[in-house]
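Below is one structure, written out as structure tokens, with a few remarks after it.
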Amino acid sequence: MVITSNIEVPHKRRNKILKKKLRCGARLFHQSNIFHTQSRKGDFNRYMIYKVNVVGTLRLLEYCRRMKVPRFVFASSVAVIFTGKELVNVNEDYPYPDEREYFCAYSCSKAKAEREVLAADCPALRTCALRFRGIYGPGEPRATDRAAVCYFHTEPKLHHLLSSQYMGTKLSGYRERSAISVP
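Numbers 14 to 196, taken from my numbering, label the letters of the sequence shown in order.
Structure, rendered in structure tokens:
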């Protein structure tokens, strides 16, 4: 099951929906609803970003524990380690930057949420975080347009380098399903 935190749903109704969806044995892939703060409009409401990315994630982790959901996959972002410095051959062991180094509230909140998800990992609730890059696809014109501009304004011999910058929705969905189905 894929679920997104949605703070617009009234509290009682949200609890009812989560209880219904998170039956014993369910698996959860969590995506936050704050998208594309690259426009910087999202940065103006740090409280909302924090509430969706951190508080929403903590709420879902708690529900998963209560409902005995065995797996929780968090849709994270490479922004959790990016500060503007070039990153070459980094892996999951690369340290999180200091909170003051992040460019925006989105990156900082995703890092906080990712740390909480990874810290929650235990035999009863296996957790992991997938650090996606720019996901694009139908219904998301800004990232799709950026991916196209990068592709068409880059020399053909460099096109293979762009494959690590953007990810289509079909590939991200495949990665989500793969992470959830791991025994």
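The beta carbon of each residue, even a glycine, is placed where N, CA and C say it ideally should be.
The three-state secondary structure of A142, taken from DSSP, is strand.
Exclusion of the five residues before and after C121 leaves E112, Y115 as the residues of its chain whose Cβ lies within less than 8 Å of its Cβ.
Nearest to V67 by C-alpha distance, out of F85, C135, R128, is R128. For L143, the closest alpha carbon among the candidates M61, R79, S90, A126 is that of S90. Setting aside the 5 residues that flank it on each side, D134 is surrounded in the same chain by T140, each with a C-beta closer than 7 Å to its C-beta; the list follows chain order. Secondary structure of A132 (DSSP, three-state): helix.
Between the C-alpha atoms of V103 and R79 there is a straight-line separation of about 35 Å. A Cβ-Cβ distance of about 19 Å is found for the pair A92 and Y60, leaving them out of contact under the 8 Å criterion. DSSP links A88 through a beta bridge to L143.
Secondary structure of N66 (DSSP, three-state): helix. Looking at the backbone, the Cα of F85 and that of K123 are separated by about 16 Å.
Collapsing the DSSP output to three states places C117 in coil.
Rounded to whole angstroms, L100 and P108 show a C-alpha spacing of 12 Å.
DSSP places L100 outside both helix and strand once states are collapsed to three, so it counts as coil. P110 and L73 have their alpha carbons spaced roughly 25 Å apart.
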